[in-house]
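Notes for the one structure printed next.
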DNA sequence: GAAAAACTGTGACTTGAGTCATTTTCGTAA
DNA sequence: TTACGAAAATGACTCAAGTCACAGTTTTTC
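Protein chains in written order, with full-length UniProt numbering: chain L, 1 to 212; chain X, 1 to 212.
Encoded structure:
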């Protein structure tokens, strides 16, 4: 038997969900809340396995509630209820520890499926939500096309070490060079990349993922 | 009429795909290739709208081919053919510009759907593939839970500017402080975070996404 | 085989960065 | 009310970093 907490401010939607969920005899809604704060209170009173959480709510929204619940009860699964327009929230929700997404327009069959897949440790994400989220996630991890970095292999190696926060002395030791040579290379690198000092170079290295 | 290039080394799979695709009268496979290199050659000879690309192939794999095709023909759509075990490649493929993923086990209805959604500019990603990829993507953009960064607001502001590569003088100007004060704060910050110099601090700032 | 680019090194010089001691002000929590 | 941490500042000191000029060696490229 899976014990579920329903968090959703609109009573009608909540009722509908409850009925759909309890069509499956292994699933039971043993608590309901109208906003995040109430959800936290219910969590303390009941043994909850899974929370179904709306994002837009008064008092405390779903993101904050998700974060706080995951802090105190890391093993509880959380499914986010979402609409097509919530995609910027969705990414944040995932970072906060959500285990999946339900479109409000989903039919009950998908709903039940999502609950079980999420309880099994998987991640339940509706196809359309994923399609919207992925490009957003990629933007951040992309901006480094590794193209046209006009550095020689030696310069790259030094850039990498600068990006790890090493001093010239340490770099010299690792590469078996003199400190003076390292300095010369760095002068060269800064000129090529139009940077001012090793700090800007380190930032460059991290952002362009020069870590090989 | 949508012109399609099929890239897949196994002739049987290729034949099957072709038949499934051409069930739809708007879709036509006008070229086929057994590996990435051949695909590039075919691209030059035909006007292609969409490429369906396997990942594991001899001579030149699907990732490299995707990258090269997107470089020369940025408007061509590319759908990656994948299995459940390819998820580490999948992320890379997306970064290289792929427009979607097809599971090799998908039925023809899903296949056709994916092609159209991809041509409309959307991203076609099978639910199960997305579920596997998202956690992987999140790991990279996550590691900064913004928690326990024991810095005061002032220190945070300075850390942020260091992370932008600013000098103490510039930071002092922005925050209306003396250079000495900035130095003092930085000494304090370095001690708190157990770092050695502003370069390591800048790296810390970038990695923890302190950019507010 | 010659030219170009990459790699290595030295020494001298300038300056930004970081540490330390010490002081003052301000708000807030015990 | 007191005590404390955050914030701001000054001055003096040390040193790593960066620039510059010059030079030798090796590797790549045409």
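Backbone N, C-alpha and C fix where the C-beta goes; we use that ideal spot for every residue, glycine too.
Minimum C-alpha distance to residue 133 of chain L - residue among L/164, L/163, L/88: Residue numbering aside, residue 133 of chain L sits at position 133 when the first chain is read from its first letter. When each option's Cα is compared against that of residue 133 of chain L, the closest is L/88.
So who's on the other strand from residue 3 of chain L, going by DSSP bridges? Along the first chain, read from residue 1 onward, the residue named residue 3 of chain L stands at position 3. In the DSSP output, where bridge partners are listed per residue, residue 3 of chain L has L/28.
Since residue 215 of chain X meets chain L, which of its residues come closer than 7 Å, beta carbon to beta carbon? No answer is possible for residue 215 of chain X: it lies beyond the span of chain X, which begins at 1 and ends at 212.
Tell me where the alpha helix (DSSP H) around residue 80 of chain L begins and ends. Position 80 of the first chain holds residue 80 of chain L. Counting along the chain, residue 80 of chain L falls outside any alpha helix (DSSP H), though it belongs to the beta strand (DSSP E) covering 77 to 82.
Please classify residue 96 of chain L: is it buried, with 16 or more other beta-carbons within 10 angstroms of its beta-carbon, or exposed? On the first chain, residue 96 of chain L is found 96 positions in, with the first residue counted as 1. With 16 or more Cβ atoms within 10 Å of its Cβ, residue 96 of chain L is classed as buried.
Have a look at X/129, X/101, X/130, X/33 and flag the residue whose alpha-carbon is nearest the alpha-carbon of residue 116 of chain X. The residue given as residue 116 of chain X occupies position 116 in the second chain. It is X/101.
Quick check: is the beta carbon of residue 171 of chain X nearer than 7 Å to any beta carbon in chain L? In the second chain, the residue the question calls residue 171 of chain X occupies position 171. No, residue 171 of chain X does not count as interfacial toward chain L.
Contact with chain X by residue 113 of chain L, beta-carbon distance below 7 Å: The count along the first chain starts at 1 and reaches residue 113 of chain L at position 113. Cβ-Cβ to chain X under 7 Å: no for residue 113 of chain L.
Environment of residue 22 of chain L [buried if 16+ CB atoms lie within 10 Å]: Along the first chain, read from residue 1 onward, the residue named residue 22 of chain L stands at position 22. Flag for residue 22 of chain L reads exposed.
How far does the beta strand (DSSP E) with residue 177 of chain X in it reach, from first residue to last? Counted from its first residue, the second chain places residue 177 of chain X at position 177. Careful: residue 177 of chain X lies outside any beta strand (DSSP E) and carries neither H nor E.
What does DSSP give as the partner residue(s) for residue 54 of chain L in the beta ladder? Position 54 of the first chain holds residue 54 of chain L. BP columns for residue 54 of chain L point to L/81.
Could you tell me the distance, in whole angstroms, from the CA atom of residue 71 of chain X to the CA atom of residue 62 of chain X? Taking the second chain and counting its residues from 1, the one referred to as residue 71 of chain X is at position 71. Taking the second chain and counting its residues from 1, the one referred to as residue 62 of chain X is at position 62. So the two alpha carbons sit approximately 14 Å from each other.
Please classify residue 121 of chain L: does DSSP put it in a helix, a strand, or coil? The residue labelled residue 121 of chain L in the question sits at position 121 within the first chain. Coil, per DSSP.
Can you give me the start and stop residues for the beta strand (DSSP E) that residue 102 of chain X sits inside? Position 102 of the second chain, counted from the first residue, corresponds to residue 102 of chain X. Here the beta strand (DSSP E) through residue 102 of chain X covers 100 to 103.
Taking buried to mean at least 16 other C-beta atoms within 10 Å of its own C-beta, is residue 19 of chain X buried or exposed? Within the second chain, the letter at position 19 stands for residue 19 of chain X. Exposed, because fewer than 16 other Cβ atoms sit within 10 Å of the Cβ of residue 19 of chain X.
Is the CB-CB distance between residue 1 of chain L and residue 36 of chain L below 7 Å? The count along the first chain starts at 1 and reaches residue 1 of chain L at position 1. The count along the first chain starts at 1 and reaches residue 36 of chain L at position 36. Their beta carbons are not under 7 Å apart, which means residue 1 of chain L does not touch residue 36 of chain L by this criterion.
Compare the C-beta of residue 123 of chain X with all C-beta atoms of chain L and state if any pair is closer than 7 Å. Here residue 123 of chain X corresponds to residue number 123 of the second chain, with the count starting at 1. Taking Cβ atoms only, chain L reaches closer than 7 Å to residue 123 of chain X, which makes this a yes.
Pairwise C-alpha distance: residue 92 of chain X and residue 40 of chain L: On the first chain, residue 40 of chain L is found 40 positions in, with the first residue counted as 1. On the second chain, residue 92 of chain X is found 92 positions in, with the first residue counted as 1. Distance between the alpha carbons of residue 40 of chain L and residue 92 of chain X is about 39 Å.
Keeping to the same chain, check which residues put their C-beta closer than 7 Å to that of residue 58 of chain L; ignore five residues upstream and five downstream. Counting from one through the first chain, the residue named residue 58 of chain L turns up at place 58. If we look at residue 58 of chain L and ignore the five residues flanking it on each side, its Cβ neighbours are 9, 35.
For residue 33 of chain X, which three-state DSSP category applies? Along the second chain, one-based indexing puts residue 33 of chain X at 33. Residue 33 of chain X falls in the strand class under three-state DSSP.
Under DSSP, the alpha helix (DSSP H) around residue 198 of chain L begins and ends at which residues? Reading the first chain from its first residue, position 198 is the one you call residue 198 of chain L. Counting along the chain, the alpha helix (DSSP H) containing residue 198 of chain L begins and ends at 198 to 207.
Would you kindly check if the distance between the Cβ of residue 173 of chain X and the Cβ of residue 179 of chain X is under 7 Å? Here residue 179 of chain X refers to the residue found at position 179 when the second chain is read from its first residue. Here residue 173 of chain X refers to the residue found at position 173 when the second chain is read from its first residue. Not in contact: residue 179 of chain X and residue 173 of chain X (Cβ atoms no closer than 7 Å).
Apply the 10 Å Cβ neighbour rule to residue 184 of chain X and answer buried if 16 or more other Cβ atoms are within range, or exposed otherwise. Residue mapping note: residue 184 of chain X aligns to position 184 of the second chain, counting from 1. Looking at its Cβ environment, which holds fewer than 16 other Cβ atoms inside 10 Å, residue 184 of chain X is exposed.
Which of the three DSSP states is assigned to residue 195 of chain L in this structure? Start at 1 with the first residue of the first chain, and residue 195 of chain L comes out as number 195. Note: residue 195 of chain L maps to coil in three-state DSSP.
Under the assumption that residue 76 of chain L contacts residue 111 of chain L (Cβ atoms under 8 Å), give the Cβ distance between them as a whole number of angstroms. As a first step, residue 76 of chain L must be located in the first chain, where it is residue number 76. As a first step, residue 111 of chain L must be located in the first chain, where it is residue number 111. That belief does not hold up - the Cβ atoms of residue 76 of chain L and residue 111 of chain L are roughly 18 Å apart, past 8 Å.
In the structure shown, what three-state DSSP assignment does residue 133 of chain L receive? Stepping through the first chain from its first residue, residue 133 of chain L is reached at position 133. Residue state, collapsed to three classes: helix.
Count the other CB atoms within 10 Å of the CB of residue 121 of chain L; is the residue buried (16 or more) or exposed (fewer)? Translated into positions along the first chain, residue 121 of chain L becomes position 121. It is exposed - the Cβ of residue 121 of chain L has fewer than 16 other Cβ atoms within 10 Å.
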